[in-house]
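A.B. asks:
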Amino acid sequence: MFNKIISSISITVLVFAMLSGHSHAQKKPQNPLVKPRDFSSFPDFGYMVSVADYEEMYSDHPVFKLKTNYPRKLPKRSSLPKALKIDFVKDWEKYMDSVKQYCFAGNIPEWNPHKNKQRNWYHIPWLHPSSPTFPPNGGTEGFHGLIKEAPVGSYQLHHTQTNNYQIYAITLINEYAGYTMGKMWKDKNNPDPGATDHRYGGGFPEGTIFCKLLFADVQPDDNSVPYLENPIQWQGYITESWNSPTRAVRYLRLLQMDIMVRDKRADKWMGWVLGTYAYNGKLNKRHCKDKEKDTKCRFKNLVPLGLQWGDDPDVTDNIINAYPYTKTKTNPKLKQTVINPSPDLPPQHLGWGMRLNGPADLNTSSCMSCHTASQFPAITPLVPPDATIANGFAPPPNGGNAAWMKYFINIPAATSSDPRAFSTDFSLQVAMSLQNFADAKTKNDEGYWAVEFGTGRKPVSRAQQD
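To convert, take the position in the sequence shown, counting from 1, and add 26; that gives the numbering used here.
1) From the DSSP secondary-structure annotation, give me the bridge partner or partners of G262.
2) For my contact list, P422 and T390 are in at a C-beta cut-off of 8 angstroms; report their separation, rounded to the angstrom.
3) Let me check understanding here. Comparing Cα to Cα, which of L240, L300 and V287 lies closest to L278?
4) Following the continuous beta strand (DSSP E) through C237, name the residue where it begins and the one where it ends.
5) Relative to the alpha-carbon of Y191, which residue among P155, V341, K174 and W298 has its alpha-carbon at the smallest distance?
6) Looking at Y305: is its Cβ nearer than 8 angstroms to the Cβ of L281?
7) At which residue ranges does the stretch 324 to 377 contain complete beta strand (DSSP E) runs of 3 or more residues, listed in the order of the chain?
8) Under the three-state reduction of DSSP, which class applies to Y148: helix, strand or coil?
9) By the DSSP assignment, the beta strand (DSSP E) with T197 in it spans what residues?
10) So what's G301 in DSSP terms, helix, strand or just coil?
11) Sort out for me which residues DSSP pairs E167 with in a bridge.
12) Determine the DSSP secondary structure at K209, reduced to helix, strand or coil.
13) Determine the DSSP secondary structure at Y474, reduced to helix, strand or coil.
14) Hey, is the stretch 437 to 446 in contact with the stretch 227 to 234, meaning 3+ C-beta pairs nearer than 8 angstroms?
15) With DSSP as the reference, identify every bridge partner of M286, one or two as the case may be.
16) Once the 5 residues before and after G208 are set aside, which same chain residues still bring their CB inside 7 angstroms of it?
17) On the criterion of 16 or more Cβ atoms from any shown chain inside 10 Å, does A428 qualify as buried, or is it exposed?
18) If I measure Cβ to Cβ from D444 and keep anything under 8 angstroms in the same chain, skipping five residues before and after, which residues do I get?
19) Judging by CA-CA distance, which residue of N200, M431, V275 and P367 is the nearest neighbour of K102?
20) Please report the distance separating the alpha-carbon of V178 from that of K355.
21) Which residue's Cα is closest to the Cα of G171: P69, E119 and D113?
22) Please classify S49 as buried or exposed, where buried requires at least 16 other C-beta atoms within 10 Å of its C-beta.
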């Protein structure tokens, strides 16, 4: 989940200009995604050590390769995830376990869909460039395809944590989501943003699942977040700090996993079910007896944090788990969020009004409030005004008023919160990919292909060349 996203001013102005003078809400927004260049294939990543350094020092590391051979036909209903047969309200824990096992099958420990022999998973393209707006110096790195997501301030993860961190993430989408991505990117030079907007027959189908791993750049000698002991640890070519333009090979630890499930039983709320799991390395001995250093086994240390299927628009309590916190406080008024009461879950700050949010996210928003702002171009801000004014140490001054609550209404799937924009159907990364492609019209975004880092590599054109 992102803390903030800002659209390209030029693209937004272009869309506004094209829409000015038209009062019909159902009129399709003008598609600004005109051909910038001829891309025969998507670049795999945007930032990497030099080929020479890779061969000399990192040849035992993976090289990220995008997987976008999306299905052309909608997968059969017989392949729908088993979680869709579990009541996510009454049996939320079974639902979360079923989705977790679905995400894990064939994907762990490497999280590489090319090696999955059980089912097809894919990536979202066009996340490789750095946006001119947010996040600073972003774009995918070349070992694991991690993208920069959010900063983490002091005490956000634990009451003993004073260091600042940054969050990097990698998302896999299943074949149902892949079908919609295939429609959007059928022509790689002219993506169709209407593919995720219900006004134009778009939207992700039932059974769509997004699974995202989120890592914090907690270094091996840093013990200020106790539950991140016995870590799942990767190395990535990432920035040295949130605002730094300099990249280096640094360690990251798995912090959480987020899921999104398109479940039609949730249509009376928003049509999506969102969930979060938090890593707790203190459970490693229990989960991985006699194989405590087995990375695949350590994925069992992801503990369900909670599930959300609506944003409880009638609950206006302006309360938060302010930093620093030592326990998870919940709100019994919430009926569309459930938080795991198990002591296996490390203390959590949650979101505004104690709605669901993960440790990497703000305590003044919610999973749903962020994802309802998924649109292209990004006209609606990702978080309410003043959401970050106190940096999580106090409730927002205007929390709960009418303007604030506009961010906590239940918006149906594939519906844009602003009719001037295309809905990207709850996917912020799809919104980012479309914006990145649009930005490429006016500048040359270099990208790299995995084959450039393999033995016996052959020359491959960069993205700026025809």
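Backbone N, C-alpha and C fix where the C-beta goes; we use that ideal spot for every residue, glycine too.
C.D. replies: On the basis of the data shown:
1) R276
2) Yes, they are in contact, since the Cβ atoms of P422 and T390 sit about 5 angstroms apart, within 8 angstroms.
3) L240
4) I235 to A242
5) Residue K174 holds the alpha-carbon nearest to the alpha-carbon of Y191 among P155, V341, K174 and W298.
6) yes
7) 328 to 334 and 363 to 365
8) strand
9) Y191 to N200
10) strand
11) Y73
12) helix
13) Note: Y474 maps to strand in three-state DSSP.
14) Yes, they touch.
15) F236 and L300
16) Y96, P97 and R98
17) exposed
18) Q401, I405 and T406
19) N200
20) 20 angstroms
21) P69
22) With a pLDDT of 36 at S49, under the threshold of 50, the modelled position of that residue is not reliable, and no figure is offered here.
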